[in-house]
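Below is one structure, written out as structure tokens, with a few remarks after it.
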Amino acid sequence: MSPAISQTDVPAELSTTTEILLELVDDEGVTIGTGEKLWAHQQPGRLHRAFSVFLFDRQGRMLLQRRALGKYHSPGVWSNTCCGHPYPGEQPFVAAARRTAEELGLAPALLCEAGTVRYDLPDEASGLIEREWNHLFVGLVTADVDPDPDEVESTRFVTAAELRELEAEKPFSVWFRTVFEAALPGIREIAGRDW
16 MSPAISQTDV PAELSTTTEI LLELVDDEGV TIGTGEKLWA HQQPGRLHRA
66 FSVFLFDRQG RMLLQRRALG KYHSPGVWSN TCCGHPYPGE QPFVAAARRT
116 AEELGLAPAL LCEAGTVRYD LPDEASGLIE REWNHLFVGL VTADVDPDPD
166 EVESTRFVTA AELRELEAEK PFSVWFRTVF EAALPGIREI AGRDW
């Protein structure tokens, strides 16, 4: 059994005005403590709980977001509908619904669990690392998108073919392809076999 881990001393150059804590987890996804968000993403990285959401419209098109240019991590790149980290003790499903509302100004009409995926992905552009135990969710959206400009630069609904074209032309988050492929069985249940 792993000892509990708690991290509170963040170096001054990494400190932010508002400390955001994440759940640190072991290799089985069991919570072992908490750590500050930016600290957890610094090399060598600390395995922590995260979530990724993939929402589709009635035509089976995926809602993508281009991350705001002011974000410290992966600014200006395209990614899945929404992603983030539950607060310590917050259920991933609740966090996914909360963050979708905060970032995109909408509530999913349907949101279903689509498994988990663990990965260690360095982001060469920022020098940060994604060491995450990621809970995947797929669902439907029927409301208009009203993104928070501090979080989202722009949004786009795409077909599977349009996604491939966009990935060939534009930068995507380092985690996108990994979480997309892991969520694909759930995506196909929601959006059809074309995916």
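Counting from 16, one number per residue, gives the positions in the sequence shown under the working numbering.
Glycine residues also receive a C-beta, built at the ideal position from the N, C-alpha and C atoms.
Contact set for residue i: own chain, Cβ-Cβ below 7 angstroms, skip 5 residues either direction
i    : result
V173 : R76, M77, L79 and L181
Which of helix, strand or coil DSSP assigns to residue i
i    : result
H100 : coil
H88  : coil
R203 : helix
T49  : strand
T131 : strand
L121 : coil
P137 : strand
V194 : helix
V189 : coil
R73  : coil
W210 : coil
R8   : Missing from the structure shown is residue 8; the chain here goes from 16 to 210 and no further.
A83  : coil
Spatially closest choice to residue i from the options, by CA coordinates
i    : options                   : result
G91  : A206, P164 and L199       : P164
A176 : I202, G120, I205 and W210 : W210
S169 : L199, G85 and A183        : G85
L136 : E128, W190 and A122       : W190
R81  : L178, A198 and R203       : L178
L199 : T131, Y102 and W54        : T131
T115 : Y134, F69, D42 and G207   : F69
A183 : L126, W93 and W54         : W93
C127 : E118, G104 and V156       : V156
A122 : Y134, T96, H56 and D42    : T96
A129 : L151, E139 and D138       : L151
P162 : R133, E117, P186 and A124 : E117
A158 : L125, R133, V167 and E139 : L125
Contacting residues, own chain, Cβ-Cβ under 6 angstroms from residue i (five flanking each side not counted)
i    : result
G44  : W148
I205 : F71 and V153
C98  : S67
G104 : none
Q58  : I144
S188 : S89, V92 and S94
P101 : R64, P107 and A110
E166 : A83 and E118
Beta-carbon contacts of residue i that lie in its chain and below 8 angstroms, excluding the five residues immediately before and after
i    : result
S141 : Y87, H88 and S89
V160 : L78, L119, G120, L121 and T170
At least 3 beta-carbon pairs within less than 8 angstroms: the segment 70-85 vs the segment 32-40: no
Cβ contact check for the segment 187-194 and the segment 104-114: 3 or more pairs under 8 angstroms: no
At least three beta-carbon pairs within less than 8 angstroms, the segment 134-147 to the segment 55-64: yes
Sequence ranges, alpha helix (DSSP H) only - wholly within the segment 151-183, length at least 4: none
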